[in-house]
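Heads up: the structure comes next, in structure tokens.
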Amino acid sequence: MNKQRVGGLEAGGTKMVCAIGDGNGRIVERSSFATTTPEETVPQILQFFKAHAIAALGVGCFGPIELRETHHDYGKILHTPKIPWVRYPIFETLKKGLQVPIALTTDVNAAVIGETRKGAAQGVDSCLYITVGTGIGAGAIINGKLLAGFSHPEMGHISVKRHGSDTFQGNCPYHSDCLEGLASGTAIEARFQAPAASLSSRQEVWKMEAHYLAEAIAQYILILMPKRIIIGGGVMKQAHLFPLIRKEVSQRMAGYVDIDSFDLDSYISPPSLGDDAGITGSLLLAEDVYQSFKYKHHEALKKGW
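Quick note: the sequence shown uses numbering that gives the first Met the number 0, first residue 0, plus one each step.
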């Protein structure tokens with residue numbers, strides 16, 4: 000018997016990825032388009048999913064975003080640098096437009112779900128997923144549950160020690176020289192006046208980048224002690240970054256936390272799902288919310304509601 004088709008939306012700051020899944024995280028159809036304004040972008044999202052009979056939708060969205068279901072701003076994008084999207088009610092808009100159950104989380108939370116259930120972190124109950132692209136963000140699963148407090152983590156905005164030769168002031172519109180302001184793809188381009196992808200041969204670029212990412216990862220390890228660290232995003236297409244980061248992290252641990260007893264190649268690794276980590280996680284969330292909806296509907300029928 001075929002499973003019900005579900006939809007996944009990876010709402011990124013650069014592009015929107017829409018996919019149809021088979022109910023097991025597998026993608027059977029997809030489409031993507033540029034993230035511009037809500038007025039231009041959202042109708043394309045709705046058109047894609049309306050053309051398919053989806054039973055539920057999972058959304059991994061760029062943030063910050065309000066994820067407390069009891070909060071009056073639930074499902075709204077908050078103080079994002081993407082100004083046209085500030086205060087945009089993405090959950091309510093999709094719910095009204097599609098009339099299906101919707102599960103909403105951040106884009107990095109969706110990615111860590113994808114990698115934990117279908118990718119490089121299968122079999123561990125503690126994983127940190129970091130994306131380094133236009134911005135920097137991270138999602139974590141600790142003891143099998145997504146890490147959250149009064150909001151979702153904003154690990155891309157921690158302070159890090161400056162590289163000794165770095166005079167760039169940083170370009171985060173809120174904090175200037177936080178991790179994202181110093182090490183995102185946007186920051187690399189602003190500092191070196193060229194896109195990161197065109198700087199592959201510039202060793203000084205990647206030594207500095209490894210410094211900043213290792214500074215952050217060392218702090219994350221000390222606080223969260225994750226059993227697996229996965230780093231994705233466009234900047235991490237520079238595969239030579241990984242050995243540099245592993246070496247720098249090991250040096251910062253200085254034997255205090257014995258990560259050198261691990262296989263560092265698998266402990267700090269790229270996503271095995273590649274660019275599909277986020278959309279896979281979104282599809283898995285859709286299946287979860289669909290099954291929850293079915294169960295609640297079944298229980299209501301049993302009670303005669």
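Note that the Cβ used here is the ideal one computed from N, Cα and C, for glycine as well.
query, result
"Alpha-carbon to alpha-carbon, F241 and G96", "42 Å"
"Assigned exposure category for H297 - 16 Cβ within 10 Å defines buried", "Here the model assigns H297 a pLDDT of 48, short of 50, so the residue's position is not dependable, and the following value carries that caveat. Exposed, by the Cβ-count rule."
"Extent of the continuous alpha helix (DSSP H) run through S265", "263 to 266"
"Pick from I258, L283, K226, V16 that is closest to D124, judged by C-alpha positions", "K226"
"Nearest-angstrom Cβ-Cβ length linking T104 and L284, presumed shorter than 8 Å", "7 Å"
"Bridge-paired residues (DSSP) for K14", "A33"
"First and last residue of the uninterrupted beta strand (DSSP E) at G22", "Note, G22: premise wrong, no beta strand (DSSP E); not H, not E."
"Candidates A137, K94, Y87, of which the one nearest V111 by Cα", "A137"
"Any chain D beta carbon closer than 8 Å to S265", "The question asks about chain D, but that chain is absent: this structure has only one protein chain."
"Under the three-state DSSP convention, the category I220 falls into", "helix"
"Per DSSP, the bridge partner or partners of K144", "I141"
"Backbone secondary structure at K160 - three-state DSSP", "coil"
"Beta-bridge partners of E9, as assigned by DSSP", "V16, G59"
"Check whether A119 and S260 have beta carbons under 8 Å apart", "no"
"Residue from M252, P37, G22, L45 with nearest C-alpha to S30", "L45"
"Any 3 or more C-beta pairs closer than 8 Å across the stretch 156 to 165 and the stretch 51 to 69", "no"
"Same chain, Cβ closer than 6 Å to M235, neighbours up to 5 away in sequence not counted", "V131"
"Backbone CA spacing between L8 and I89 [nearest angstrom]", "11 Å"
"Alpha-carbon spacing of V204 relative to Y289, whole angstroms", "45 Å"
"Same chain, Cβ closer than 6 Å to I140, neighbours up to 5 away in sequence not counted", "V111, T115, C126"
"Where the alpha helix (DSSP H) through T185 begins and ends", "184 to 191"
"Where V131 falls: helix, strand or coil (DSSP)", "strand"
"Counterpart residues of S175 in DSSP-defined beta bridges", "C171"
"Backbone secondary structure at K75 - three-state DSSP", "strand"
"Presumed contact (8 Å Cβ cut-off) between V16 and G57, rounded CB distance", "12 Å between Cβ atoms; not a contact."
"Residue closest to V256, alpha-carbon to alpha-carbon, out of L221, L178, A102", "L221"
"Nearest-angstrom beta carbon gap, R245 and L263 [assumed within contact, 8 Å]", "5 Å"
"Beta strand (DSSP E) segments (min. 3 residues) lying fully within the stretch 196 to 280", "228 to 231"
"Cβ-based burial, P152 [other Cβ within 10 Å; buried from 16]", "buried"
"Spatial distance of F48 from P100 (CA atoms)", "13 Å"
"As assigned by DSSP and simplified to three states, the class of I112", "helix"
"Contact set for M207: own chain, Cβ-Cβ below 7 Å, skip 5 residues either direction", "H162, D165"
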